[in-house]
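Asker: Residue numbers for the sequence shown follow the working numbering, so the first one is 10 and each next one is one higher.
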Amino acid sequence: MRPTTLGRRAFVGGALAALVTARALAQSAPASAGPADPTLIDDLVAANRILADQGVVDGYGHVSVRHPGDPQRYLMSRSMAPELVTAADVMEYDLDSSAVDARGRTSYLERFIHGEIYRARADVKAVVHNHSPSVIPFGVSTVPLRPLYHMSAFLGGGVPVFDIKVASGQATDMLVRDPALGRALAQTLGARPVALMRGHGAVVVGDSLPRVVFRSVYTEMNARLQAQALALGGPVTYLDDEEARRAEASVGGTIPRPWELWKKKALAR
Ligand SMILES: [Zn+2]
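(1) Measure the C-alpha to C-alpha separation of residue 59 and residue 189 and round it to an integer number of angstroms.
(2) Under 8 Å, do residue 221 and residue 72 count as touching if we go by C-beta distance?
(3) Cβ of residue 210 versus every heavy atom of ligand 1: is any distance shorter than 7 Å?
(4) Flag this pair as yes or no: are the beta carbons of residue 137 and residue 225 separated by less than 8 Å?
(5) Quick one: Cα of residue 193 to Cα of residue 66, how far?
(6) Is residue 83 near ligand 1 - that is, is its Cβ less than 7 Å away from at least one heavy atom of it?
(7) To which residues of the same chain is residue 156 closer than 7 Å at the C-beta, ignoring the five residues directly before and after it?
(8) Excluding the 5 residues preceding and the 5 following residue 239 in the sequence, name in chain order all residues of the same chain whose CB lies nearer than 8 Å to its CB.
(9) Tell whether a beta-carbon distance below 8 Å holds between residue 94 and residue 54.
(10) Is the Cβ-Cβ distance between residue 169 and residue 199 less than 8 Å?
(11) On the CB-based measure, 16 or more other CB atoms within 10 Å of its CB, does residue 242 come out buried or exposed?
(12) Identify which residue in 75, 40 and 97 has its Cα closest to the Cα of residue 125.
(13) Could you spell out where the alpha helix (DSSP H) holding residue 86 opens and where it closes?
(14) Where does residue 106 land, buried or exposed, given buried means 16+ other C-beta within 10 angstroms?
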């Protein structure tokens, strides 16, 4: 009799604990801003695939979009390789980067990059974090990343470099794994479209998914071309501030063209 009684007590205790935990979780999870337009979700899936297709992300890296129904929410895939993302993998987060409805799905460790940038920058509607290979040398050397041609004119005005050791005051695992580091990164980014992260990668922002994807692709391209130009030796002539401003105004208006091409190619795979 005794073991049965104990067994029942343990069962009832366990069930109660589970109920309490479920209630606590339900209370602490932020409320949803409601379903987002399916075409935006499709664009977010496409953005993941395009970034992989264009060599900006590999098994790592992530892209998010601010929720159109509530500026305090954003949408991003669960933790997985961007190339494999589908609409069913998209999760909703608040700006503390807490998942609205995790349902057992794991989140990217560095999601705080997104939440803290959305909090700091009302103009930002989409964020990419990547380890774009050609960009890495410019985050660890004394050579600044500068606009080499019209396609990357948005780099005019300077590309800040985030040093996580300076921000945290100590050695870290290099990951932006908490809100304080996310805030420090957002502060380094300031009003700029791109910031490099020393010994890690970059963060790119924009007012739409097509623009943030465009900027991510051409930041990688510029870094590759700049290294080639520097390797030729002799002085390199970059776009000056006025050229960058003018080129950004005209090239920035043509983004739907490459976006449609990239999307078609990436989704055909
Ligand atoms: Zn990273």
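All C-beta atoms in this analysis are idealised placements derived from N, C-alpha and C, irrespective of residue type, glycine included. Since we're looking at a predicted model, the values are computed, not measured.
Answerer: Reading off the structure:
(1) Start at 1 with the first residue of the sequence shown, and residue 59 comes out as number 50. Start at 1 with the first residue of the sequence shown, and residue 189 comes out as number 180. Going by the C-alpha atoms only, they are around 30 Å apart.
(2) Translated into the one-based positions of the sequence shown, residue 221 becomes position 212. Translated into the one-based positions of the sequence shown, residue 72 becomes position 63. Judged by beta-carbon spacing, residue 72 lies within the 8 Å limit of residue 221, meaning their Cβ atoms are closer than that value.
(3) Taking the first residue of the sequence shown as position 1, residue 210 is located at position 201. For residue 210, the distance from the CB to the nearest heavy atom of ligand 1 is below 7 Å.
(4) In the sequence shown, residue 137 corresponds to position 128, counting from 1. In the sequence shown, residue 225 corresponds to position 216, counting from 1. Annotated as proximal: residue 137 and residue 225, with beta-carbon spacing under 8 Å.
(5) Your numbering for residue 193 matches position 184 in the sequence shown. Your numbering for residue 66 matches position 57 in the sequence shown. For residue 193 and residue 66, the gap between their C-alpha atoms comes out near 23 Å.
(6) Taking the sequence shown and counting its residues from 1, the one referred to as residue 83 is at position 74. No, the beta carbon of residue 83 sits no closer than 7 Å to any heavy atom of ligand 1.
(7) The residue labelled residue 156 in the question sits at position 147 within the sequence shown. Only residues of its own chain outside the window of five on either side were considered, and among them 162, 164, 165, 231, 247, 248 and 253 have a CB closer than 7 Å to the CB of residue 156, listed in chain order.
(8) Taking the sequence shown and counting its residues from 1, the one referred to as residue 239 is at position 230. 152 and 245.
(9) Residue 94 sits at position 85 when you count from the first residue of the sequence shown. Residue 54 sits at position 45 when you count from the first residue of the sequence shown. Taking 8 Å as the cut-off, the Cβ atoms of residue 94 and residue 54 count as close.
(10) Here residue 169 corresponds to residue number 160 of the sequence shown, with the count starting at 1. Here residue 199 corresponds to residue number 190 of the sequence shown, with the count starting at 1. Closer than 8 Å, so yes.
(11) As a first step, residue 242 is located in the sequence shown; it is residue number 233 there, counting from the start. When all chains shown are included, residue 242 counts as exposed.
(12) Residue 125 sits at position 116 when you count from the first residue of the sequence shown. The candidate whose alpha carbon is nearest that of residue 125 is 75.
(13) Position 77 of the sequence shown, counted from the start, is the residue given in the question as residue 86. From DSSP, residue 86 is part of no alpha helix (DSSP H) but of the beta strand (DSSP E) over 82-86.
(14) Locating residue 106 in the sequence shown gives position 97, counting from the first residue. So residue 106 ends up on the buried side.
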